[in-house]
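Quick note on numbering: the sequence shown equals residues 1 to 332 in the numbering used here.
Reading through the structure tokens given below for one structure.
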Amino acid sequence: MSELEKYLDRTFELAIKGKGFVSPNPMVGAVIVRDGQIISEGWHKEFGGPHAEVDALSRCKDARGATLYVNLAPCCHVGKTGACTDAIISAGIKKVVYSNSDPNPLVADKSKQILEDNGIEVTSGILENRGFELNRKYFHWIKTNQPYVTIKAALTLDGKIATSSYQSKWITGPSSRGFVHQLRKGYDAILVGANTVLYDDPNLGLHGLSGREPLRIILTSNKDKFHDLKDLTVFRDSNYVFVDSIQHFEEYCSNNAISSVFVEGGSGVITSFIKSGLVNDLYMFYGPKIIGSEHISVVSELGLPRLDDAYNFNIESVVNFGDSFMVKLSSK
Ligand SMILES: NC(=O)c1ccc[n+]([C@@H]2O[C@H](COP(=O)([O-])OP(=O)(O)OC[C@H]3O[C@@H](n4cnc5c(N)ncnc54)[C@H](OP(=O)(O)O)[C@@H]3O)[C@@H](O)[C@H]2O)c1
Numbered sequence: 001m002s003e004l005e006k007y008l009d010r011t012f013e014l015a016i017k018g019k020g021f022v023s024p025n026p027m028v029g030a031v032i033v034r035d036g037q038i039i040s041e042g043w044h045k046e047f048g049g050p051h052a053e054v055d056a057l058s059r060c061k062d063a064r065g066a067t068l069y070v071n072l073a074p075c076c077h078v079g080k081t082g083a084c085t086d087a088i089i090s091a092g093i094k095k096v097v098y099s100n101s102d103p104n105p106l107v108a109d110k111s112k113q114i115l116e117d118n119g120i121e122v123t124s125g126i127l128e129n130r131g132f133e134l135n136r137k138y139f140h141w142i143k144t145n146q147p148y149v150t151i152k153a154a155l156t157l158d159g160k161i162a163t164s165s166y167q168s169k170w171i172t173g174p175s176s177r178g179f180v181h182q183l184r185k186g187y188d189a190i191l192v193g194a195n196t197v198l199y200d201d202p203n204l205g206l207h208g209l210s211g212r213e214p215l216r217i218i219l220t221s222n223k224d225k226f227h228d229l230k231d232l233t234v235f236r237d238s239n240y241v242f243v244d245s246i247q248h249f250e251e252y253c254s255n256n257a258i259s260s261v262f263v264e265g266g267s268g269v270i271t272s273f274i275k276s277g278l279v280n281d282l283y284m285f286y287g288p289k290i291i292g293s294e295h296i297s298v299v300s301e302l303g304l305p306r307l308d309d310a311y312n313f314n315i316e317s318v319v320n321f322g323d324s325f326m327v328k329l330s331s332k
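Pasting the structure below:
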């Protein structure tokens, strides 16, 4: 690992501390280095709070002549906070090193130009792939104005998510469930269908993990049926919303800066999302059980006459959870 990579690696470690707190902003960490020594560190801690560069600079008595490492290009616009480029210039930083340009049109390559115009040397594109992975959801959302959509399901080896009498607890074991709570932390919202709310009474929360509780979205064309069911766990506080179609889901996300959504089923909802083409990736947790064709399939009819018409995915990883295993897939 080169010197530049070593310090950028540290910015990734710092950035991830913002997971569950900063979205829809990206996770960003910053390190200030002089003469081979880290003299200050910072990270973006909460949405609307100081950016990582400003956080690091605020804890540094004298940054003149030092190098600032940051995983994402510094911002150059005034939003909820001041422009990071201004803070960097006035602190007397001599060099800036970052991994990824910010696709946000307010930043793009403008900040690099501003820094260089002020005599600051800029190096970019180091560990770019890792930086991209870290903020994959942010990059997708900024580029498309669509939320990053992930499907998660627990299924039997023959692809069933529940019995025909709507029993689904438990297809997989406790260790994979803990992992799912961790995953939820990385999303702005969790979405389920009306039947899942009715039959499972799911919590859809972080179960004590630190972080902002994701918004709970319930997909139903008839929210009135929940009128007398406000004792269900999803309605425990006001952090939920109904949407009545995929189109209104998209509009809601766009209007409310929902940058990522974790879709937790059931079959009707997963089918709607597969058909919509909005799915970015899937976490499929398999319990080693077979229950037969009379039960509820993870995806219902798609009306595809030929194998060539199938939706195709890339296998990203396979992870063993002891009593189950997970296949992570991404859309082709
Ligand atoms: N193993 C797992 O990972 C897992 C996860 C979740 C659920 N489950 C199981 O799955 C079963 C429920 O599955 P399910 O397929 O019956 O129900 P579901 O997907 O939870 O809900 C289906 C309902 O969602 C609404 N919906 C779906 N697509 C829609 C669209 N495009 N626009 C508007 N509304 C839409 C409709 O509600 P309205 O009819 O109200 O319009 C539809 O009837 C339960 O047994 C549950 O335990 C298993």
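Every residue gets a Cβ at the ideal spot worked out from N, C-alpha and C, and that includes glycine.
Pick from the options that is closest to residue i, judged by C-alpha positions
i	options	result
S210	D231, L191 and L183	L183
L72	I246, S124 and G287	S124
T144	S254, I39 and S111	S254
D200	G186, V180 and S168	S168
I88	L115, A108, F179 and R177	L115
S331	I315, D323 and F325	I315
L282	F235, Y148, R10 and E46	Y148
L127	I290, R10, T163 and S272	R10
R212	A189, C75, N280 and V234	A189
V299	R216, A154 and T81	A154
W141	L232, N280 and A30	N280
A63	G82, I93, E46 and P202	I93
T67	F132, V31 and D55	V31
C84	G303, R34, F21 and G29	G29
F139	T163, D117 and A108	A108
V33	L57, H51 and E13	L57
Y187	K19, L4, A15 and E5	K19
V234	N222, I218, E5 and L307	I218
T271	Y311, S293, V70 and F132	Y311
D224	H207, R236, V243 and L206	V243
G48	E41, V327, S23 and G65	S23
E301	K275, V319 and P288	K275
P74	K61, H44 and T220	H44
S293	E3, C60, L106 and T163	T163
F273	W170, K230, K6 and T150	T150
L278	I291, F262 and K289	F262
P105	C76, H227 and A91	C76
H295	H248, S2, S165 and S176	S165
D102	N256, V54, N25 and D55	N25
P202	D228, V54, S221 and W170	W170
Beta-carbon separation (whole angstroms), residue i vs residue j, contact threshold 8 Å
i	j	result
V78	V96	Wrong, their Cβ atoms sit about 19 Å apart, outside the cutoff.
G193	G268	5 Å
K152	E264	5 Å
S297	K160	6 Å
Y252	R216	So it is not a contact: roughly 13 Å between Cβ atoms.
L232	V197	6 Å
T172	F285	5 Å
F21	E41	In fact, because the Cβ distance is near 17 Å, the residues do not count as touching under 8 Å.
S317	G287	Their Cβ separation, rounded to whole angstroms, is 18 Å, which puts S317 and G287 out of contact at 8 Å.
S99	G131	3 Å
L206	H181	6 Å
G82	N195	That belief does not hold up - the Cβ atoms of G82 and N195 are roughly 48 Å apart, past 8 Å.
M27	N129	Incorrect: roughly 16 Å between the Cβ atoms, too far for contact.
A52	L14	7 Å
Delimiting residues of the beta strand (DSSP E) encompassing residue i
i	result
G193	A189 to G193
G131	First-last for G131: E128 to L134, but that is the alpha helix (DSSP H), not the beta strand (DSSP E).
E251	Unbroken run through E251 is the alpha helix (DSSP H), I246 to N255; no beta strand (DSSP E).
S164	It is not in any beta strand (DSSP E) - S164 carries neither H nor E in the DSSP assignment.
S330	F325 to S331
F313	F313 to N320
S260	S260 to V263
F21	No beta strand (DSSP E) contains F21, which DSSP labels as neither H nor E.
F242	Y240 to V243
Per DSSP, the bridge partner or partners of residue i
i	result
R34	Q37
Y98	V70 and S124
Y286	L155 and F325
L215	A189
D281	T150 and S330
W141	None, per the DSSP bridge assignment.
I296	A162
G79	G79 pairs with nothing; no bridge assigned.
G42	A30
Where the alpha helix (DSSP H) through residue i begins and ends
i	result
Y7	E3 to A15
A91	C84 to A91
K112	K110 to D117
F226	No alpha helix (DSSP H) contains F226, which DSSP labels as neither H nor E.
S267	S267 to S276
V180	P174 to R184
S58	A52 to S58
heavy atom of ligand 3 below 7 Å from residue i C-beta
i	result
D244	Inclusion of ligand 3 in the displayed structure is not the case, the ligand content consisting of ligand 1 alone.
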